[in-house]
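The opening position of the sequence shown corresponds to residue 1209 in this note's numbering, with each subsequent residue numbered one higher.
For each residue, glycine too, the CB sits at the ideal point set by N, CA and C.
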Amino acid sequence: MRSRYTTGVTLMAALFMLAGCSVTPLKPWERGHLAEPTMAWEPDPLAAQLESHVYFSKEASTGGASVGGGGCGCN
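Given below as structure tokens:
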């Protein structure tokens, strides 16, 4: 009897969690705030690219920005 109860409660909890994860598509006029420069991952892409180039050149490693270097600053 208890296993049926716990199975039912678990199933209901899973259904509620799945129902809470739905995605509502945005209309074009609702995307205004998402298109602002303050919502960008990097506000200044050129500065971010230069900073990552210098960082990965000094560290002699490669990163997510696909920059390779030998530590000397050259590619």
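(request) Note down the Cα distance separating Ala-1248 from Arg-1210, rounded to an integer number of angstroms. (result) Here residue 1248 is taken as the residue at index 40 of the sequence shown, counted from 1. Here residue 1210 is taken as the residue at index 2 of the sequence shown, counted from 1. The straight-line gap from Cα to Cα measures roughly 51 Å.
(message) In the DSSP assignment, the alpha helix (DSSP H) including Val-1231 goes from what residue to what residue?
(response) Taking the sequence shown and counting its residues from 1, the one referred to as residue 1231 is at position 23. Unbroken run through Val-1231: none, as it is neither H nor E.
(message) So, for His-1241: in the same chain, excluding its five sequence neighbours on each side, which residues have a beta-carbon less than 8 Å away from its beta-carbon?
(response) The residue labelled residue 1241 in the question sits at position 33 within the sequence shown. Result list for His-1241: Met-1247, in chain order.
(request) Look up Trp-1249 in the DSSP assignment and say whether it is helix, strand or coil. (result) Locating residue 1249 in the sequence shown gives position 41, where the first residue counts as 1. Reduced to three states, the DSSP call for Trp-1249 is coil.
(request) Output the distance between the C-alpha atoms of Ser-1260 and Ala-1222, rounded to the nearest integer angstrom. (result) By 1-based counting over the sequence shown, the position of residue 1260 is 52. By 1-based counting over the sequence shown, the position of residue 1222 is 14. Annotation: Ser-1260 to Ala-1222 spans about 42 Å, alpha carbon to alpha carbon.
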